[in-house]
Amino acid sequence: MSTGSTEKKKGGGYLARKAKKAAENDKSSSSDQAEYEKKLKNKDSVTVEDVLKLSKITEDYLCPITANVYKIDFTKFKIRDMESGAVLFEIVKPEDATPVAPASTDGLNESSSTLPADPNAGRYVRYEFPPEFLKLRQIGATVEFTIGDKPVNSFRMVERHYFKDQVIKSFDFDFGFCMPSSMNTCEHIYDLPPFTPELMRDMVQNPFQTKSDSFYFVDGKLIMHNKADYAYNAGM
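Residue numbers for the sequence shown, in the working numbering: 3 to 238.
(1) When DSSP builds the beta bridges, which residues end up paired with residue 146?
(2) Just to confirm the assignment, what range does the alpha helix (DSSP H) spanning residue 53 have?
(3) Where are the alpha helix (DSSP H) runs, 4 residues long or more, that stay fully inside the segment 183-235, in chain order?
(4) Here's a check: name, in chain order, each residue in its chain whose Cβ is nearer than 8 Å to the Cβ of residue 49, leaving out the five neighbours to either side.
(5) Whole angstroms is fine: what's the gap from residue 37's alpha carbon to residue 64's?
(6) Are there 16 or more other CB atoms within 10 angstroms of the CB of residue 215, so buried, or fewer, so exposed?
(7) Just mark residue 54 as buried or exposed, buried being the case when its beta carbon has 16 or more other beta carbons within 10 Å.
(8) Under the rule that 16 or more other beta-carbon atoms within 10 Å means buried, what is residue 230, buried or exposed?
(9) Near residue 167, which residues of its chain fall below 6 Å by C-beta distance, leaving aside the five closest residues on each side in sequence?
(10) By alpha-carbon positions, which one of 165, 177, 136 ends up nearest to residue 156?
(11) Can you tell me whether residue 174 is helix, strand or coil according to DSSP?
(12) Taking only the alpha-carbon atoms, compute the straight-line gap between residue 256 and residue 205 and give it to the nearest angstrom.
(13) From residue 237 to residue 135, what distance separates their C-alpha atoms?
(14) Given residue 146, which residues of its chain have a CB within under 6 Å of its CB, disregarding the five upstream and five downstream residues?
(15) In whole angstroms, what is the alpha-carbon distance linking residue 181 and residue 207?
(16) Inspect the beta-carbon positions of residue 153 and residue 179 and report whether they are closer than 9 Å.
(17) Looking at residue 158: is its Cβ nearer than 9 Å to the Cβ of residue 67?
(18) Count the other C-beta atoms from every protein chain shown that fall within 10 angstroms of the C-beta of residue 198, then say buried if there are 16 or more, exposed otherwise.
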């Protein structure tokens with residue numbers, strides 16, 4: 003005969019067990035990536051294939067600043083909307099400064115900044131854009147950079163963007179050959195993936211949870227690693 007009482011299943015209900023399993027998987031994934039990053043940092047050289055295996059944003063830089071033996075120095079960066087031609091962001095390195103430091107923009111109007119000198123700050127940029135930025139379909143990113151006294155063969159960039167540790171877009175650009183002691187300008191065209199309204203709302207409501215790793219290679223060897231994070235709530 004039933005007593006009318008109910009016994010709660012061990013481990014809680016379905017949703018609780020699912021949430022627990024997801025948390026365990028995330029913890030395992032984070033641990034696996036930490037070990038993988040440690041392995042990469044101990045390698046003689048990191049390759050394109052190595053970074054394409056990363057499942058989320060790296061916790062640290064995968065190469066030291068000293069790996070840039072070619073003395074590649076980024077001096078100007080500009081983002082524009084390819085449809086309207088509007089300049090969305092522009093930053094210029096002062097002539098007497100070390101690499102460009104973090105910056106932000108307030109909206110879709112032209113903006114430029116010169117920033118304090120910090121040896122490590124040049125590896126990290128912070129962007130702030132209005133929500134409308136997420137609706138753009140194609141942007142142009144123009145970069146100006148100088149080369150030291152060594153020729154640079156097969157200069158390549160792999161850039162991976164994440165939101166809450168999920169890959170949302172990945173780009174691969176080839177700068178080609180760069181002459182020694184040269185000034186170079188190159189515009190890369192980004193075809194932006196369409197985002198669902200739900201994802202765009204989530205990205206707007208979670209500033210700086212969108213992040214990117216930019217890896218630069220010469221002859222297939224990692225020589226520079228830069229980071230950025232993004233907010234899409236400027237002007238709100």
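Backbone N, C-alpha and C fix where the C-beta goes; we use that ideal spot for every residue, glycine too.
In short:
(1) If you number the sequence shown from 1, residue 146 lands on position 144. For residue 146, which the question treats as bridged, DSSP gives the partners 78, 187.
(2) If you number the sequence shown from 1, residue 53 lands on position 51. From DSSP, the alpha helix (DSSP H) with residue 53 extends over 50-54.
(3) Assignment of alpha helix (DSSP H) within the segment 183-235, counting only whole runs of 4 or more residues, yields 199-207 in chain order.
(4) Indexing the sequence shown from 1 puts residue 49 at position 47. Exclusion of the five residues before and after residue 49 leaves 219, 222, 223, 224 as the residues of its chain whose Cβ lies within less than 8 Å of its Cβ.
(5) In the sequence shown, the residue the question calls residue 37 occupies position 35. In the sequence shown, the residue the question calls residue 64 occupies position 62. Cα to Cα, the separation comes out at about 13 Å.
(6) Along the sequence shown, one-based indexing puts residue 215 at 213. Burial check for residue 215: the Cβ neighbour count within 10 Å reaches 16 or more, so the residue is buried.
(7) The count along the sequence shown starts at 1 and reaches residue 54 at position 52. Residue 54 is exposed by the Cβ-count criterion.
(8) Counting from 1 along the sequence shown, the entry for residue 230 is found at position 228. Buried: at least 16 other Cβ atoms inside 10 Å.
(9) Locating residue 167 in the sequence shown gives position 165, counting from the first residue. Taken in chain order, the residues that qualify are 58.
(10) Within the sequence shown, residue 156 is the residue found at index 154, counting from 1. For residue 156, the nearest C-alpha among the options comes from 177.
(11) Here residue 174 is taken as the residue at index 172 of the sequence shown, counted from 1. Three-state DSSP puts residue 174 in a strand.
(12) Residue 256 is absent from the structure shown; the chain starts at 3 and stops at 238.
(13) As a working note, residue 237 is residue 235 in the sequence shown. As a working note, residue 135 is residue 133 in the sequence shown. Note on geometry: alpha-carbon atoms of residue 237 and residue 135 lie some 12 Å from one another.
(14) Within the sequence shown, numbered from 1, the residue matching residue 146 stands at position 144. These residues qualify, in order along the chain: 77, 78, 187.
(15) Locating residue 181 in the sequence shown gives position 179, where the first residue counts as 1. Locating residue 207 in the sequence shown gives position 205, where the first residue counts as 1. Cα to Cα, the separation comes out at about 44 Å.
(16) In the sequence shown, residue 153 corresponds to position 151, counting from 1. In the sequence shown, residue 179 corresponds to position 177, counting from 1. Cβ atoms of residue 153 and residue 179: closer than 9 Å.
(17) Within the sequence shown, numbered from 1, the residue matching residue 158 stands at position 156. Within the sequence shown, numbered from 1, the residue matching residue 67 stands at position 65. No, these two residues do not count as a Cβ contact at 9 Å.
(18) For the purposes of this step, residue 198 is taken as the residue at position 196 of the sequence shown. Exposed.
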